[in-house]
Amino acid sequence: MMGFSEAEEHAALAISNVPQLTVEEMRPVRHRVVHPMLVSVAPVLNFQCSDEKSEFPCGPAYLRREDAEKFASEIGCRMPDEAEWEYLCRAGTRTLFPFGNNLPPEDELEKWLSSDFTSLIEYFESRPKFEPAPDLQCNAFGLYGMTNPEWCSNRITTSLAPDAPQLDGSYVIRGGGAYFWPWQDEEWAWCISAMRSPSSGLEEGAACLRLVLNVRASQLRAEIWGAGLDLPADSREDDSSLSELNDESN
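According to the working numbering, the sequence shown holds residues -6 to 243 in order.
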């Protein structure tokens, strides 16, 4: 599912009578097929993309559009498109946020919004298998930092309708709740899974980058099953599209 459903609107109104939302920009709700891919567990971090010493080496790197595209292409990756990003953020949920329809207590919320991935790096380096990192919260796909503002590959349109015109020629930015933390007024709205904004509104024109790598459907299935894992339920619903991809790649 892609877009802001009526159920999500009701959930938002239960949090605030006047949420700062432009509902029309997040509709209509659409079903989109997302092709097989591998995605980075966290956004690109400062120490991964710069030789210069950063005050926050394990914090998300804020990159201008051209720098984000260059970094991704140099290692054979790309940024996600808008439909892919929302699929990754939702991780099979149909709730207002990836963590449900309500705002959790502040100590739990901070685990979703933290921009310090030091513990994530240390935890992965010390363990042979993936397990959720302490002090940080991932979604059901095991992805961290989806509340940071992240680049998408497509230009932003006035709505999610297939024939919607471009808004201002800038690109789609998804996420953003972590950038505004601690929040004022209704800034929790930037954690909504369907929330979208134009890159023209970015401070200094910079946002975070999540890497995506294209893979063949057959290769991805083999790797998942070989690891003793199962495909997410919404992926199994797209078996026909995966079969088509297999046919194309053979």
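Beta carbons are placed, not taken as given, at the ideal position from N, Cα and C, and that holds for glycine. Quantities reported herein were computed from a predicted structural model and do not represent experimental measurements.
- Leu96 sits close to Ile8, with the two beta carbons spaced by under 8 Å.
- The DSSP-derived three-state label of Asp156 is coil.
- In this structure, Met19 keeps its C-beta atom at 8 Å or more from the C-beta atom of Arg148.
- A direct Cα-to-Cα measurement between Tyr137 and Tyr172 gives close to 14 Å.
- Judged by DSSP secondary structure, Trp144 falls within the beta strand (DSSP E) whose first and last residues are Glu143 to Thr150.
- For Arg189, the enclosing beta strand (DSSP E) covers residues Arg189 to Pro191.
- Taking a cut-off of 8 Å on C-beta distances, the region 139 to 146 does not touch the region 109 to 124, as fewer than three cross pairs fall below it.
- Between Tyr164 and Ala200, the alpha-carbon positions lie close to 11 Å from each other.
- The beta carbons of Leu56 and Phe64 sit closer together than 8 Å.
- Note on geometry: alpha-carbon atoms of Phe92 and Pro175 lie some 18 Å from one another.
- A distance below 8 Å separates the beta carbons of Leu38 and Ala54.
- For Tyr164, the beta-bridge partners assigned by DSSP are Arg148.
- With 16 or more other Cβ atoms inside 10 Å of its own Cβ, Ala187 counts as buried.
- Look at Asn207 here: in three-state DSSP terms it is strand.
- Ranked by how close their Cα comes to the Cα of Gly168, the residues His24, Asp60 and Pro36 have Pro36 in first place.
- Counting the other CB atoms within 10 Å of its CB gives Asn132 a total of 16 or more, which places it among the buried residues.
- Judged by beta-carbon spacing, Cys184 lies beyond the 8 Å limit of Pro73, meaning their Cβ atoms are not closer than that value.
- Unbroken alpha helix (DSSP H) stretches of 4 residues or longer found wholly inside the region 94 to 142: 99 to 106 and 111 to 119, given in chain order.
- Membership of Leu81 in the alpha helix (DSSP H) is indicated by the continuous run Glu75 to Arg83.
- The alpha-carbon of Ala5 is positioned some 23 Å away from that of Glu77.
- Taken through DSSP and simplified to helix, strand or coil, Met19 comes out as helix.
- Here Gln130 has Lys104 and Trp105 as same chain residues with Cβ atoms under 6 Å from its own Cβ, once five neighbours each way along the sequence are excluded.
- Assigned with DSSP and collapsed to three states, Cys201 falls in strand.
- Per the C-alpha coordinates, the member of Glu75, Gln177 and Ile166 positioned closest to Ser193 is Ile166.
- Nearest to Arg87 by alpha-carbon distance, out of His24, Gly135, Pro98 and Val208, is His24.
- Taking the C-beta atoms as reference points, Pro21 is found no nearer than 8 Å to Leu160.
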